[in-house]
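Residue numbers (this note's numbering): 1310 to 1379.
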């Protein structure tokens, strides 16, 4: 499969976040982190577009709707 090289500039805080995610997920590269993030982002958008909602459970066990996209 052909690949396309993409280069972009990130502010220092975004680079810190990218590095933190790479470490937390034990990803082998920044590209792996970005590919996984894109898959997740795409899936969340598809679920939201189909009318589904996401919820988080607070420390008391209450389910609260989580607004992903405003």
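Cβ atoms here follow ideal geometry from the backbone N, Cα and C, with glycine treated the same way.
Proximity to residue i [Cα-Cα], best of the options
i, options, result
"residue 1361", "1367, 1378, 1346 and 1370", "1378"
"residue 1326", "1316, 1317 and 1339", "1339"
Beta-bridge pairing of residue i - partner residues as DSSP gives them
i, result
"residue 1365", "1373"
Whole-Å CB distance - residue i paired with residue j, under 8 angstroms assumed
i, j, result
"residue 1364", "residue 1375", "6 angstroms"
"residue 1342", "residue 1330", "5 angstroms"
Extent of the continuous alpha helix (DSSP H) run through residue i
i, result
"residue 1349", "1339–1358"
"residue 1322", "1321–1334"
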